[in-house]
Amino acid sequence: MTLITKLPGMKSSTKTVSYIIPFLLLMGFWGIYEVSTLNKLDYEENHKAATGDSDCISLVDGGDMDNLLSELGQVFIVMPAKAAGTSFKDFTRQCMSSTSSTSYSELDNVLNSKEQMIQAFKSQMKIPSLIASHVYNSETICRMAKHATKETLFIYIYREETERMASAIKDMFSGCICLKQENLPAGVTVTEDKCVVNQAELADMIQMWGKRDDNEVSLSNTKLLTCETYNCVKDNRANLVFLNYKQASKLQKLLAKHHCPKVTHEVRSNVGSNKIPLSVALEDPNSSESTTLVSMADWLAAKIPLLELTFGLKEGASCQATTRAIEDNVLHSCPDKTLHFSGPNVEFPSF
C-alpha cells in the first residue's frame, strides 16, 4: 500500500514522509483547537445571554466583594422573611453602635416607611453607612434604586422560595401560636414537650397568612422580585448583589472590615434552638376519633410540592424566569453563591 503519492518533481523517500506526517498531525491538532475555541466562545455567549450582565464574585479577603465595599460606601442589606434577616439587622445594630450612628437601626424595617426614614434622618447628625431591613414589597426596592447615589450598593439576601415558605410556616405557627399559649385556636394543643395542630386548622392558617401582607409567609421573594423590580434596577443602573443567605458569616466579616472593625464576632439570631417541637394531627377519614401524629417537618415535606398552588401563595408573581436564572447562579453555579449586577448596560436574564 502506498502511503504518500509521488508528486511531480518530488522524490519519494523516508525523509519526505518524516516531514509530511508531523505537518499533517499539526494541522489536525490546530483544527481541533479552533473547534474547541469556537465551542467555548459559543458557551460563554449563551451563558451571558442566560445570566445577563452579571458576574460571580468572591467573598474572600481581598476579593471582589471586598473591593466593592471599599469603593461603595453606602450599603443597604435587604431581604424577604426567613433569609437571615434578623441576624443581619442585629449585626448592623452592633456595627453602627460602634460608630455612634444607630438612628436607622433602632427603627425596625425602617426602609418601608417614609415617616420613619425622616424620623431617623433627623434624630442624629451622623448617617449610618450600613442599613439592614426586611422589605415588604417591590415598590420599596424600586424607590431605593431610584434614589441611590453612585456610591450605593444594594445586597439582596436570597433563599429559595419554596424552602423559605416552609420555614416561614413553621416559624409563624411556633412563634405566633404555640409559644404564646393564649387564646389558642380550636384544633391546637400545647403541652410541655410539643405543640399539636389539627391538619384542617393548619390549612386554614396557611390560607389566611398567604392573603395578608404582614407576616413571614407573605413577605416572600415573589412579592419582592418582580418585573417592576428588575426594570427599576436596570433603568437606574443600581449596583445590586444577590447573596445566598447561607453566606451570612462571610459577608458579615467583610462588612465589619469596612464599617466597624471593632466588631469581630459573627451575629446569629433567631436560629430556632429554643422552639417547641411541632406536630400535625391527621384525622382518619374512616373514624373521627382516630388521629395520627406526624412532625411538622414531615408534613411539610409531603405537602410542599402542591402547597403554593393549593393556597395561591404566588398570586401576582412576575418575571419568575429571571429570578430562577439568577437563583441557579446564587445557589449553584457561583463558587461563593454571590452574583453582582452592574454597569451601564446591565441586563437581567431574559427568555
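When the letters of the sequence shown are read in order and numbered with my numbering, they come out as residues 519 to 869. Just so you know, even glycine gets a beta-carbon here, dropped at the ideal spot from N, CA and C.
Helix, strand or coil, according to DSSP, for A673 in the structure here?
Along the sequence shown, one-based indexing puts residue 673 at 155. Looking at the sequence provided, one finds Ile at residue 673 rather than Ala. In this structure, I673 counts as strand in the three-state DSSP scheme.
Can you grab the Cα-Cα spacing for the pair T840 / F672, in whole Å?
In the sequence shown, counting from the first residue as 1, residue 840 sits at position 322. In the sequence shown, counting from the first residue as 1, residue 672 sits at position 154. Rounded to whole angstroms, T840 to F672 spans 18 Å at the Cα level.
Given a cut-off of 8 Å on the beta-carbon distance, is the pair M690 and V735 in contact?
The residue you call residue 690 lines up with position 172 of the sequence shown. The residue you call residue 735 lines up with position 217 of the sequence shown. V735 is positioned such that its CB atom lies closer than 8 Å to that of M690.
DSSP on N564, reduced to helix/strand/coil?
Residue numbering aside, residue 564 sits at position 46 when the sequence shown is read from its first letter. Reliability of the predicted coordinates at N564 is poor, the pLDDT of 44 falling under 50, and the value obtained from them is presented with this limitation in mind. If DSSP states are grouped into helix, strand and coil, N564 belongs with the helices.
Note down, in chain order, each residue of its chain lying with its Cβ closer than 7 Å to the Cβ of S618, except the 5 sequence neighbours on either side.
Position 100 of the sequence shown, counted from the first residue, corresponds to residue 618. Only residues of its own chain outside the window of five on either side were considered, and among them K644 have a CB closer than 7 Å to the CB of S618, listed in chain order.
As an exercise, report each continuous alpha helix (DSSP H) stretch of at least 4 residues that is fully enclosed by the stretch 577–665, in chain order.
582–589, 603–615, 632–641, 656–664
Taking 6 Å as the limit between beta carbons, can you name the residues of its chain near S860, skipping five residues before and five after?
As a working note, residue 860 is residue 342 in the sequence shown. Excluding residues within five positions, the ones whose Cβ falls inside 6 Å are N757.
Could you check what DSSP says for A799 in three-state terms: helix, strand or coil?
Your numbering for residue 799 matches position 281 in the sequence shown. Residue state, collapsed to three classes: strand.
Answer with buried or exposed for V578, where buried requires no fewer than 16 other C-beta atoms within 10 angstroms of its C-beta.
Counting from one through the sequence shown, the residue named residue 578 turns up at place 60. So V578 ends up on the exposed side.
Assign E807 to one of three DSSP states: helix, strand, or coil.
As a first step, residue 807 is located in the sequence shown; it is residue number 289 there, counting from the start. E807 falls in the strand class under three-state DSSP.
So, helix, strand or coil for H858, using DSSP?
On the sequence shown, residue 858 is found 340 positions in, with the first residue counted as 1. Note: H858 maps to strand in three-state DSSP.
Need the endpoints of the alpha helix (DSSP H) that T841 sits in, please.
Taking the first residue of the sequence shown as 1, we reach residue 841 at position 323. Where T841 is concerned, the enclosing alpha helix (DSSP H) stretches over 838–846.
Less than 8 Å between the beta carbons of I595 and I675, yes or no?
Counting from one through the sequence shown, the residue named residue 595 turns up at place 77. Counting from one through the sequence shown, the residue named residue 675 turns up at place 157. Taking 8 Å as the Cβ cut-off, I595 and I675 qualify as a contacting pair.
Cα separation between H850 and F760?
Taking the sequence shown and counting its residues from 1, one reaches residue 850 at position 332. Taking the sequence shown and counting its residues from 1, one reaches residue 760 at position 242. The straight-line gap from Cα to Cα measures roughly 13 Å.
What's the call for M683, buried or exposed, on a 16-neighbour Cβ count within 10 Å?
Translated into positions along the sequence shown, residue 683 becomes position 165. With 16 or more other Cβ atoms within 10 Å, it is buried.
Under DSSP, the alpha helix (DSSP H) around L720 begins and ends at which residues?
The sequence position of residue 720 within the sequence shown is 202, counting from 1. Segment 717–729, the alpha helix (DSSP H) holding L720.
Do you know offhand how far Q637's Cα is from E669's?
Position 119 of the sequence shown, counted from the first residue, corresponds to residue 637. Position 151 of the sequence shown, counted from the first residue, corresponds to residue 669. Each residue's alpha carbon lies about 23 Å from the other.
Report the residue from M814, E678, Q765 whose alpha carbon sits nearest the alpha carbon of T856.
Position 338 of the sequence shown, counting from 1, holds the residue named residue 856. Of M814, E678, Q765, the residue nearest in Cα terms is Q765.
Ignore the nearest five residues each way along the sequence and tell me which others in A568's own chain have a CB closer than 7 Å to its CB.
Walking along the sequence shown from the start, residue 568 turns up at place 50. Its pLDDT being 40, under 50, A568 is placed unreliably in this model, and the coordinates cannot settle the point.
Using 10 angstroms around the beta-carbon of T620, count the other beta-carbons present and answer buried if the total reaches 16, otherwise exposed.
Along the sequence shown, one-based indexing puts residue 620 at 102. Buried is the label assigned to T620, since at least 16 other Cβ atoms lie within 10 Å of its Cβ.
At the level of alpha carbons, what is the spacing between Q634 and E624?
Along the sequence shown, one-based indexing puts residue 634 at 116. Along the sequence shown, one-based indexing puts residue 624 at 106. Roughly 10 Å separates the two Cα atoms.
Check each candidate in L796, N627, H665 and name the one with the smallest Cα separation from E710.
Walking along the sequence shown from the start, residue 710 turns up at place 192. Out of L796, N627, H665, L796 has the C-alpha closest to the C-alpha of E710.
With S572 as the anchor, note down where its beta strand (DSSP E) starts and where it stops.
Residue numbering aside, residue 572 sits at position 54 when the sequence shown is read from its first letter. Unbroken beta strand (DSSP E) run through S572: 572–574.
Just to confirm the assignment, what range does the alpha helix (DSSP H) spanning N490 have?
This structure does not reach residue 490, given that the chain is present from 519 up to 869, and the question cannot be answered.
Using a 10 Å radius around the Cβ and a threshold of 16 neighbouring Cβ atoms, would you call H565 buried or exposed?
Taking the sequence shown and counting its residues from 1, one reaches residue 565 at position 47. Reliability of the predicted coordinates at H565 is poor, the pLDDT of 40 falling under 50, and no value is obtained from them.
Below 8 Å, how does it come out for the stretch 648–664 and the stretch 745–753: are there three or more Cβ pairs, yes or no?
yes
Under three-state DSSP, which class holds L761?
Here residue 761 refers to the residue found at position 243 when the sequence shown is read from its first residue. Correct three-state label for L761: strand.
Here's the rule I'm using: 16 or more other beta-carbon atoms within 10 Å means buried, otherwise exposed. How should C837 be labelled?
Walking along the sequence shown from the start, residue 837 turns up at place 319. By the 10 Å Cβ count, C837 comes out buried.
I'd like the span of the alpha helix (DSSP H) that includes V751, first residue to last.
For the purposes of this step, residue 751 is taken as the residue at position 233 of the sequence shown. Unbroken alpha helix (DSSP H) run through V751: 745–753.
Leaving out five residues before and five after S572 in sequence, what residues of the same chain have Cβ atoms less than 6 Å from its Cβ?
The residue given as residue 572 occupies position 54 in the sequence shown. Counting only Cβ-Cβ distances below 6 Å, and skipping sequence neighbours, we find L857, F859.
With DSSP run on the structure shown, which of helix, strand or coil describes S736?
As a working mapping, residue 736 is identified with position 218 in the sequence shown. Correct three-state label for S736: coil.
Quick check on the DSSP output: the beta strand (DSSP E) that includes T828 runs from which residue to which?
Mapped onto the sequence shown, residue 828 falls at position 310. T828 -> not in any beta strand (DSSP E); alpha helix (DSSP H) instead, spanning 814–829.
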